[in-house]
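First the structure, in the form of structure tokens, and then the observations on it.
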């Protein structure tokens, strides 16, 4: 999914690669429960995945790609392909998809930028 001369997509592609490597390294060396693995994902992998993306205006297709990568990881973690079960686990563990986190970070970024601009 790399387009020539499109820096946003390139950054997204690199972020996805880093995300996958971090996810697999988090669970490859430690045999843990799903809860611990999900906590590692939320505290270590997701921040790397979305680092700096609040500054870009990403198309919905790119945001859906990020969500898809995380959802597929959750499907493998919980050994299910049922989206309702995945949604319940997300709600139960307080897990947000990257698109929602990026939206929150972007709003915070814009508000901070507006406040600095007013000074």
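Numbering (this note's numbering), first residue to last: 557 to 675. Think of the CB as a built atom: it goes at the ideal place given N, C-alpha and C, for glycine as much as any other residue.
Spatial distance of residue i from residue j (CA atoms)
i	j	result
residue 648	residue 630	13 Å
residue 625	residue 668	30 Å
residue 635	residue 606	25 Å
residue 611	residue 659	10 Å
residue 644	residue 637	13 Å
residue 588	residue 670	44 Å
residue 639	residue 646	10 Å
residue 596	residue 672	34 Å
Simplified DSSP assignment, three categories, for residue i
i	result
residue 635	coil
residue 560	Note that residue 560 scores 43 on pLDDT, short of 50, meaning its location in the model is unreliable; the coordinates nonetheless yield the value given after this. Correct three-state label for residue 560: coil.
residue 651	coil
residue 613	coil
Residue span of the alpha helix (DSSP H) that contains residue i, given as start and end
i	result
residue 603	602 to 606
residue 594	590 to 596
Spatially closest choice to residue i from the options, by CA coordinates
i	options	result
residue 622	640, 671, 655	655
residue 662	619, 589, 601	619
residue 598	660, 672, 653	653
residue 603	657, 672, 664	657
residue 665	609, 637, 617	609
Supposed contact pair residue j and residue i - C-beta distance, whole angstroms, cut 8 Å
i	j	result
residue 594	residue 651	6 Å
residue 641	residue 627	Not confirmed; about 12 Å, so no contact.
residue 590	residue 633	6 Å
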